[in-house]
Every structure is written in structure tokens, then in C-alpha cells.
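*Asks:* The sequence shown begins at 1095 in the working numbering and counts up by one. Each residue gets a CB set at the ideal place from its N, CA and C atoms; glycine is no exception. I am attaching a structure below and will ask some questions about it afterwards.
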Amino acid sequence: MILMLFISVSSGRDFLWNDLSGSIPKEIGNIAPLRLLLLSGNRLSGSLPDELGYLSHLDRLQIDENHISGPVPKSFANLSRIKHLHMNNNSLSGRIPSELSNASTLRHL
């Protein structure tokens, strides 16, 4: 279900508080022009796919208020244009990749 929602995405998509469940599909990494991905307040679970870190145009990622677990992928260090990264209220473990501090555009973490 969630994969079908992403198929028509161009530069951004708002899925805030839509009661979506399942995991974030790794195929999302194929949506190169994606700049905005708002997934807060759903019932998403599983781990964060490495492919999220390859969205080079992404400037806002909100995955807070879900049931996501596991580490933050090292590929997030590639998010050089990220301005807003909201990941709170999940079950994430480990450390945020230190290279993410090189993202000079980062305003909210």
C-alpha cells in the first residue's frame, strides 16, 4: 500500500497523520527529485532504508511519531541539502552519523 502512494511523487509528498502502516520501501531511493517527505504520525515500522540517504535533493524529512526501529543509516551522511530532520518518538538505536554534522544547511534535528 505505502509503495503505491510514492509512485506518483514528484518533488514532495505530505503523508502526515494518515494512519499508514508497514515499512518505508527501499524503492523510495529511486525518486531522485524528492525534496520533501513528511511521514510523521503514522504507524510505520521496520528500519529506515539506506536508500533514504541517497535522495540528494531532500531538504525536509519528517519520520517522527512512528514505530521505526534500528539504527540511523550511515547513508544519511549523504543528505547534504537537509534542513529539517525530525526522527523523534521512534525506537531508533545507535548514533546519528557524525558526518551529518557537515550538512551546513541543517536547521532542525
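1) What separation, rounded to the nearest whole angstrom, lies between the Cα atoms of T1199 and A1171?
2) According to DSSP, is S1192 part of a helix, a strand, or is it coil?
3) With burial defined as no fewer than 16 other Cβ atoms inside 10 Å of the residue's Cβ, what is the status of D1153: buried or exposed?
4) Just list the alpha helix (DSSP H) runs in the region 1151-1177, keeping only unbroken ones of 4 residues or longer that don't cross its boundaries, in chain order.
5) Under 8 Å, Cβ to Cβ, is there at least one residue of chain D near P1191?
*Replies:* On the basis of the supplied data:
1) On the sequence shown, residue 1199 is found 105 positions in, with the first residue counted as 1. On the sequence shown, residue 1171 is found 77 positions in, with the first residue counted as 1. Distance between the alpha carbons of T1199 and A1171 is about 13 Å.
2) Taking the sequence shown and counting its residues from 1, the one referred to as residue 1192 is at position 98. Helix at S1192.
3) Here residue 1153 is taken as the residue at index 59 of the sequence shown, counted from 1. So D1153 ends up on the buried side.
4) none
5) The chain inventory of the structure shown lacks chain D, comprising one protein chain alone.
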